[in-house]
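Protein chains in written order, with our numbering: chain E, 1 to 399; chain Y, 400 to 463. Every residue gets a Cβ at the ideal spot worked out from N, C-alpha and C, and that includes glycine. Right, one structure below, let's go through it.
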Amino acid sequence: MPGEALLEDAVPERIVVVGASAAGLTAAETLREKGYDGALTLVGAERHPPYDRPPLSKQILTGAWAPERAELRDAGAIGGLDAELLLGRRATGLDVAGRAVLLDGGDRRPFDALVIATGAAPRRLPGCDLGGVHVLRTLADALALRECLLGGPRLVVIGAGFLGSEVAAAARRMDVDVTLVDPLPVPMRRQFGDRIGEMVGRLHRDHGARLRMGAGVAGFTGAAGRVVAVELSDGSVLDADAVVVAVGAAPETGWLAGSGLPLGDGVECDDRCRAAPGIYAAGDVASWDNPRFGTRMRVEHRQNATEQGRAVAAGILGDRRPFAPVPYFWTDQYDARIQAYGVFPPDAETAVVSGDPADRRFVAAYSMQGRVTGVLGWNSPRELIGHRRLVLAEASARR
Amino acid sequence: MNVTADRDVCIAAGQCVVTAPGVFDQGEEDGLVVLLHEDPPAELAADVRLAMSLCPSRAITVRD
């Protein structure tokens with residue numbers, strides 16, 4: 001009840017949201033949608049108006065979309081937030097006791113409630129400073145990589161998770177010579193296990209990508225400041241004009257060092273996404289206790305950014321419910337649309353529950369000790385929605 | 400309320416179908432959004448707005 005919430009947490013009059021991508025923007029928008037009419041500041045490290053990241057490794061890379069098409073909201077919607085929008089500004093520190101965010105340039109923004117939504121930054125490898133070595137996180141990264149791919153390089157993609165696999169697929173679509181490298185035996189094994197990973201590997205080979213699975217990277221060879229080869233741990237060498245390093249991302253918590261907030265794998269929050277009284281986190285940077293699965297999670301997926309952004313906004317305004325989603329995520333590679341609900345432990349048992357992998361159209365359920373923890377659809381969006389309740393039923397039975 | 404759904408950007412996530420089942424459906428084969436009501440009744444307005452917010456590909460637009 002709202003009155004009850006007032007007793008514990010007074011309705012804030014000043015809210016600062018740090019991070020202006022999907023999670024931060026959604027939090028700001030939801031605050032207004034739910035009637036918050038106090039001061040609102042939205043801080044974004046990038047100068048560009050808020051944009052969506054999933055298209056970066058797909059439509060933006062291939063050029064199917066102009067960059068503007070990835071913008072999350074039009075200027076009218078951003079203006080309608082009635083927020084102080086600080087783009088191209090970084091938060092440099094947090095004064096928990098003084099209830100203020102410190103910004104580059106030295107100014108402070110006091111708050112009654114804070115949303116931390118600073119996302120994650122690509123992990124790098126030694127030698128990443130050589131010319132021709134790319135990471136992909138921002139629109140600027142995507143446009144630089146696209147420019148490079150248009151030159152028809154021999155491309156080596158390091159890391160066959162979501163990002164690396166999608167980049168390889170987009171590059172093949174542009175007819176670029178692609179070698180995909182990963183220390184695990186099949187692509188996307190960490191995400192979906194061996195069985196689906198094998199199918200993803202076949203998909204890439206069928207579309208002309210070379211796979212070097214089970215191969216670590218020993219280093220890069222440069223000449224005149226540019227990468228010319230990638231050395232693998234087995235001693236072999238891949239000639240390369242360009243490299244994409246897609247070896248995961250680390251939560252952007254550097255600015256919170258010394259703040260006293262609990263930092264581990266991201267900002268560690270309770271089941272309502274609170275790191276401290278009045279201080280919330282959402283999106284890639286947040287780890288929280290998901291009571292539906294009885295475990296701590298940090299989810300680097302687009303849908304979670306929206307759902308968690310909404311949840312923290314509701315929490316700030318007095319909603320006491322825990323944040324207990326079934327994570328949803330997807331990847332589009334070549335003609336395969338892979339969608340997933342739930343969690344996919346590497347040692348889970350998999351069973352096809354609809355369709356047939358031979359037809360490249362099926363739904364698989366992942367189980368641990370006989371309980372379904374996740375369902376994955378391969379070109380089966382409608383059937384997957386139907387099977388989503390398997391996860392909901394099992395997960396809620398754990399509560 | 401006027402609702403539009405853009406099948407060109409839709410990625411068949413199905414969030415709209417789960418959130419506002421009377422207003423949105425999915426194509427049988429491709430799973431892409433199928434709009435059932437361009438002008439849904441007022442009692443569904445909150446669900447439709449939530450569906451717009453949750454859509455991961457920004458395929459849904461709502462105008463009053």
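Helix, strand or coil at E/Ala141 according to DSSP, with G and I counted as helix = Taking the first residue of the first sequence as 1, we reach residue 141 of chain E at position 141. According to the sequence provided, residue 141 of chain E is Asp. The question's Ala does not apply to it. If DSSP states are grouped into helix, strand and coil, E/Asp141 belongs with the helices.
Q.
With a threshold of 8 Å on Cβ separation, who are the neighbours of Y/Ala450 within its own chain once the five nearest residues in sequence on each side are excluded?
A. Counting from one through the second sequence, the residue named residue 450 of chain Y turns up at place 51. Gln414, Cys415, Thr418, Ala419, Val422, Phe423, Ile459.
- Out of E/Ala311, E/Arg202, E/Asp175, E/Ser233, state which residue places its alpha-carbon closest to the alpha-carbon of E/Lys34. Position 34 of the first sequence, counting from 1, holds the residue named residue 34 of chain E. Of the candidates E/Ala311, E/Arg202, E/Asp175, E/Ser233, the one whose C-alpha sits nearest the C-alpha of E/Lys34 is E/Ala311.
What's the call for E/Arg124, buried or exposed, on a 16-neighbour Cβ count within 10 Å?
Translated into positions along the first sequence, residue 124 of chain E becomes position 124. Counting Cβ neighbours within 10 Å, E/Arg124 comes out exposed, since fewer than 16 surround it.
Task: Whole-angstrom distance between E/Val200 and E/Ala364, CA atom to CA atom - done: Locating residue 364 of chain E in the first sequence gives position 364, counting from the first residue. Locating residue 200 of chain E in the first sequence gives position 200, counting from the first residue. Rounded to the nearest angstrom, the two C-alpha atoms are 14 Å apart.
* Secondary structure of E/Arg146, DSSP reduced to three states -> In the first sequence, counting from the first residue as 1, residue 146 of chain E sits at position 146. Three-state DSSP puts E/Arg146 in a helix.
Handout entry: Beta-ladder partner(s) of E/Trp255, from DSSP
Key = The residue labelled residue 255 of chain E in the question sits at position 255 within the first sequence. In the DSSP output, where bridge partners are listed per residue, E/Trp255 has none listed.
Proximity to Y/Asp438 [Cα-Cα], best of Y/Arg448, Y/Arg406, Y/Gly430, Y/Ile410 | For the purposes of this step, residue 438 of chain Y is identified with residue 39 of the second sequence, where counting begins at 1. Out of Y/Arg448, Y/Arg406, Y/Gly430, Y/Ile410, Y/Arg448 has the C-alpha closest to the C-alpha of Y/Asp438.
Considering only their Cβ atoms, is the gap separating E/Ala142 from E/Leu408 smaller than 7 Å? Since the displayed chain E opens at 1 and closes at 399, residue 408 of chain E lies outside it and no answer follows.
- Message: Quick check: what's the CA-CA separation for E/Gly38 versus E/Leu114?
- Response: Taking the first residue of the first sequence as 1, we reach residue 38 of chain E at position 38. Taking the first residue of the first sequence as 1, we reach residue 114 of chain E at position 114. Straight-line Cα distance between these residues: approximately 13 Å.
If we ignore side chains and look at the alpha-carbon of each, how far apart do E/Gly318 and E/Leu31 end up? In the first sequence, residue 318 of chain E corresponds to position 318, counting from 1. In the first sequence, residue 31 of chain E corresponds to position 31, counting from 1. Distance between the alpha carbons of E/Gly318 and E/Leu31 is about 11 Å.
- Task: Could you work out which residue in E/Gly260, E/Leu139, E/Ala393 is closest to E/Arg99 when comparing CA atoms only?
- Result: As a position in the first sequence, residue 99 of chain E is number 99, starting the count at 1. Ranking E/Gly260, E/Leu139, E/Ala393 by Cα distance to E/Arg99 puts E/Gly260 first.
**Message:** Quick check on E/Pro122: buried or exposed, where buried means 16 or more other Cβ atoms within 10 Å of its Cβ?
**Reply:** Within the first sequence, residue 122 of chain E is the residue found at index 122, counting from 1. E/Pro122 is buried by the Cβ-count criterion.
Query - Residue from E/Ala240, E/Val372, E/Ala336 whose Cα sits closest to the Cα of E/Asp347 - result: For the purposes of this step, residue 347 of chain E is taken as the residue at position 347 of the first sequence. Among E/Ala240, E/Val372, E/Ala336, the Cα nearest to that of E/Asp347 is on E/Val372.
- [ ] Examine chain Y for any beta-carbon lying closer than 7 Å to the beta-carbon of E/Pro381, and answer yes or no.
- [x] For the purposes of this step, residue 381 of chain E is taken as the residue at position 381 of the first sequence. For E/Pro381, the answer is yes, since a Cβ of chain Y falls inside 7 Å of its Cβ.
Note to self: List, from N- to C-terminal side, the beta strand (DSSP E) runs of 3 residues or more that fit wholly inside the stretch 288-335 of chain E.
What the structure shows: 295-297, 328-333
Just to make sure I have the definition right: I need the residues of chain E whose C-beta is within less than 9 Å of the C-beta of Y/Val416. Which are they? If you number the second sequence from 1, residue 416 of chain Y lands on position 17. Per Cβ cutoff of 9 Å: Arg382, Ile385.
From E/Glu300 to E/Gly106, what distance separates their C-alpha atoms?
On the first sequence, position 300 is the one that residue 300 of chain E refers to. On the first sequence, position 106 is the one that residue 106 of chain E refers to. One C-alpha to the other measures close to 31 Å.
| task | Out of E/Leu87, E/Gly63, E/Thr92, state which residue places its alpha-carbon closest to the alpha-carbon of E/Thr253. | result | In the first sequence, residue 253 of chain E corresponds to position 253, counting from 1. If we check each option's Cα against that of E/Thr253, E/Thr92 comes out closest.
Item checked: Test item: CB-CB of E/Ser233 and E/Ala218 under 7 Å -> Here residue 233 of chain E corresponds to residue number 233 of the first sequence, with the count starting at 1. Here residue 218 of chain E corresponds to residue number 218 of the first sequence, with the count starting at 1. Cβ atoms of E/Ser233 and E/Ala218: closer than 7 Å.
- Item | First and last residue of the uninterrupted alpha helix (DSSP H) at E/Gln191 | Translated into the one-based positions of the first sequence, residue 191 of chain E becomes position 191. Where E/Gln191 is concerned, the enclosing alpha helix (DSSP H) stretches over 189-206.
Next on the checklist: Considering only the alpha carbon of each residue, which of E/Arg360, E/Ile15, E/Gly374, E/Phe220 lies closest to E/Phe344?
Outcome noted: Reading the first sequence from its first residue, position 344 is the one you call residue 344 of chain E. If we check each option's Cα against that of E/Phe344, E/Gly374 comes out closest.
Requested in this report: Evaluate E/Glu307 with the Cβ neighbour count: other Cβ atoms within 10 Å of its Cβ, from every protein chain shown; 16 or more gives buried, anything less gives exposed.
Outcome: The residue labelled residue 307 of chain E in the question sits at position 307 within the first sequence. Looking at its Cβ environment, which holds 16 or more other Cβ atoms inside 10 Å, E/Glu307 is buried.
Query raised in the report: From E/Gly248 to E/Leu150, what distance separates their C-alpha atoms?
Result: As a position in the first sequence, residue 248 of chain E is number 248, starting the count at 1. As a position in the first sequence, residue 150 of chain E is number 150, starting the count at 1. Their backbone Cα atoms lie some 25 Å apart in a straight line.
Opposing strand residues paired with Y/Asn401 [DSSP bridges] = By one-based count along the second sequence, residue 401 of chain Y stands at place 2. DSSP output for Y/Asn401 lists Y/Arg462 as bridge partner(s).
Along the chain, where does the beta strand (DSSP E) that runs through Y/Gln425 open and close? Residue mapping note: residue 425 of chain Y aligns to position 26 of the second sequence, counting from 1. Y/Gln425 -> beta strand (DSSP E) spans 423-425.
Between Y/Gly413 and chain E, is any beta-carbon pair separated by less than 7 Å?
Indexing the second sequence from 1 puts residue 413 of chain Y at position 14. It does; some Cβ of chain E falls within 7 Å.
According to DSSP, E/Leu263 sits in a beta bridge with which residue or residues? By 1-based counting over the first sequence, the position of residue 263 of chain E is 263. According to DSSP, which records beta bridges pairwise, E/Leu263 is partnered with E/Val267.
Measuring only between beta-carbons, confirm whether E/Thr62 sits less than 7 Å from chain Y. Reading the first sequence from its first residue, position 62 is the one you call residue 62 of chain E. By this cut-off, E/Thr62 is not an interface position.
#### Entry: For E/Pro407: DSSP bridge partner residues
This structure gives no information on residue 407 of chain E, because the portion of chain E shown stretches from 1 to 399.
Next item on the list: Please classify E/Pro420: is it buried, with 16 or more other beta-carbons within 10 angstroms of its beta-carbon, or exposed?
Entry: Residue 420 of chain E lies beyond the range of chain E shown here (1 to 399); nothing can be said about it.
Exercise. If you drop the 5 nearest sequence neighbours on each side, which residues of the same chain put their C-beta closer than 6 Å to that of Y/Ala404?
Worked result: In the second sequence, the residue the question calls residue 404 of chain Y occupies position 5. Contacts found: Val432, Leu434, Ala458, Ile459.
| task | Apply the 10 Å Cβ neighbour rule to E/Pro277 and answer buried if 16 or more other Cβ atoms are within range, or exposed otherwise. | result | As a first step, residue 277 of chain E is located in the first sequence; it is residue number 277 there, counting from the start. Exposed.
Checklist entry - Does the beta-carbon distance from E/Tyr341 to E/Arg388 come in below 7 Å? => result In the first sequence, the residue the question calls residue 341 of chain E occupies position 341. In the first sequence, the residue the question calls residue 388 of chain E occupies position 388. Against a cut-off of 7 Å, the Cβ pair of E/Arg388 and E/Tyr341 comes out as a contact.
Which residues mark the beginning and the end of the alpha helix (DSSP H) in which E/Phe162 is found? The residue given as residue 162 of chain E occupies position 162 in the first sequence. Segment 162-173, the alpha helix (DSSP H) holding E/Phe162.
- Message: Within the continuous beta strand (DSSP E) that includes E/Ile279, where are the two ends?
- Response: Here the question's residue 279 of chain E lines up with position 279 in the first sequence. From DSSP, the beta strand (DSSP E) with E/Ile279 extends over 279-281.
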